[in-house]
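Same order as they appear, the protein sequences are chains S and H.
Note that our numbering gives residue 894 to position 140 of the first sequence, counting from 1, and the numbers run on in steps of one.
Note that our numbering gives residue 64 to position 53 of the second sequence, counting from 1, and the numbers run on in steps of one.
Every residue gets a Cβ at the ideal spot worked out from N, C-alpha and C, and that includes glycine.
Heads up: the structure comes next, in structure tokens.
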Amino acid sequence: MSLEAAGFWGLALVLLASSLAVVLSKNLFHSVLYLAVALVATAGVFLLLQAEFLAAVQVLLYAGGVVTIVVFAIVVTERLVGERLAQTNRGVFTGGLVSLVVLVILVLSLWRADLPRTAPPPPADLTQAIGRDLLTRFVLPFELLAVLFLAGLLGALFFARKEE
Amino acid sequence: MGLQPYLILAACLFTIGLFGVLTRRNAIGILLGIELMLNAVNVNLVAFARFTGETAGLIFTLFTISITVAEVALGLAIVILIFRVRRTVEADQLHLLKG
């Protein structure tokens, strides 16, 4: 078994186990910690796919940013009412059935599809290529993203304002 | 390693996230499920970018990651706001808009 395959199966195992723990854990705080594990494992998958820059972005933004924000929200919403962090799932049977059907459809179509088996050799400097394309081919979406963030910032300020 | 194992892994992650969104009662738990689904999409995009030798997939991933972070921040702001008004984050009890 090649190194890439070994790494892939190890990461896939960690990813699937931690993702299942995110949706099944009874303690919301544990869910968030398992989400952090899943996100870091995803960064590992990005490394396997030769996307080092995206792995760094994933760890910084997701595992650093999102997890911190979610922990903050949990502390604010749960501790104030003095409840336990326990949470339950509802409609497990229906939800499981719907998810299973979606999974079967996806996997069946992927199984039949004619997909490439070998990857082309990676370009010399992928990060450089990303930077160049971001400011040439994709400059309009890039600027639109800035506008979206401005709107998000204004929305957050609106939510955080004092009630008159 | 071909493209297929990566796509199947992403499909599994996506359905796990879907299960979380459908079954969680807590609004924050639902957001965590959405995170998992978006993460699965990122795996797909990066895998396709690697196997087609095209940088577009990587840049799309960059966009989805940043949009997701903004979405989580605003979603949690809404959750905290709802909590301030209604004193609960249980999605079942938030039926203000129900006719």
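Please report the residue range of the alpha helix (DSSP H) in which residue i lies.
i	result
THR26/H	14-34
PHE847/S	846-866
VAL813/S	Where VAL813/S is concerned, there is no enclosing alpha helix (DSSP H), given that its DSSP letter is neither H nor E.
ASN37/H	No alpha helix (DSSP H) contains ASN37/H, which DSSP labels as neither H nor E.
GLN882/S	880-888
PRO877/S	Per DSSP, PRO877/S belongs to no alpha helix (DSSP H) and is neither H nor E.
PRO895/S	893-914
ARG97/H	67-97
GLU101/H	No alpha helix (DSSP H) contains GLU101/H, which DSSP labels as neither H nor E.
LEU765/S	757-778
ALA790/S	782-802
Does the beta-carbon of residue i have 16 or more other beta-carbons within 10 angstroms, so that it is buried, or is it exposed?
i	result
GLY764/S	exposed
ARG891/S	exposed
ILE932/S	This structure does not reach residue 932/S, given that chain S is present from 755 up to 918, and the question cannot be answered.
SER779/S	buried
VAL893/S	exposed
ARG866/S	exposed
LEU29/H	buried
THR34/H	buried
GLY845/S	exposed
ALA905/S	exposed
PHE762/S	buried
PHE800/S	buried
PHE62/H	buried
GLU758/S	exposed
VAL824/S	buried
THR842/S	exposed
ALA766/S	buried
Alpha carbon to alpha carbon, how far is residue i from residue j?
i	j	result
ASP879/S	ALA809/S	15 Å
ILE70/H	LEU851/S	34 Å
VAL811/S	ILE884/S	13 Å
ALA873/S	ALA60/H	10 Å
ALA790/S	PRO876/S	29 Å
PRO895/S	LEU803/S	24 Å
GLY836/S	ILE93/H	Low per-residue confidence applies at GLY836/S: pLDDT is 49, beneath 50, and the placement is therefore not dependable enough to give any value.
ARG98/H	LEU815/S	30 Å
LEU908/S	SER863/S	42 Å
GLU101/H	PHE913/S	20 Å
LEU105/H	ARG36/H	11 Å
THR831/S	TYR17/H	37 Å
ARG95/H	LYS109/H	20 Å
- Is the number of C-beta pairs between the segment 42-62 of chain H and the segment 75-93 of chain H that are closer than 8 Å three or more? yes
For the segment 886-897 of chain S, list every residue whose C-beta sits within 9 Å of some C-beta in chain H, in sequence order. ARG886, ASP887, LEU888, ARG891, PHE892, PRO895 and PHE896
For the segment 24-37 of chain H, which residues have a CB atom closer than 9 Å to at least one CB atom of chain S, in sequence order?
-> LEU24, PHE25, THR26, ILE27, GLY28, LEU29, PHE30, GLY31, VAL32, LEU33, THR34, ARG35, ARG36 and ASN37
Looking at C-beta atoms only, is the number of pairs between the segment 18-25 of chain H and the segment 769-787 of chain S that lie closer than 8 Å three or more?
yes
Note to self: Is it the case that the segment 67-80 of chain H contacts the segment 883-899 of chain S, given that we only count it when at least three CB pairs across the two stretches are under 8 Å?
What the structure shows: yes
- Query: With contact counted as at least three CB pairs below 8 Å, one residue from each stretch, are the segment 49-67 of chain H and the segment 774-785 of chain S in contact?
  - Reply: no
Does the structure place the segment 87-97 of chain H close enough to the segment 34-42 of chain H that three or more beta carbon pairs sit under 8 Å? yes
In the segment 38-59 of chain H, which residues sit with their C-beta less than 8 Å from some C-beta in chain S, listed in chain order?
-> ILE39, GLY40, LEU42, LEU43, GLY44, GLU46, LEU47, ASN50, ASN53, VAL54, VAL57 and ALA58
Between the segment 902-917 of chain S and chain H, which residues of the former have a C-beta closer than 8 Å to a C-beta of the latter? LEU902, PHE903, GLY906, GLY909, ALA910, PHE913 and ALA914
| field | Near-chain H residues of the segment 776-801 of chain S - C-beta to any C-beta below 8 Å | value | VAL776, VAL777, LEU782, SER785, VAL786, LEU789, ALA792, LEU793, THR796, VAL799 and PHE800
Within 9 Å of chain H by C-beta, residues of the segment 870-887 of chain S in sequence order
PRO870, ARG871, THR872, ALA873, PRO874, PRO875, PRO876, PRO877, LEU880, ALA883, ILE884, ARG886 and ASP887
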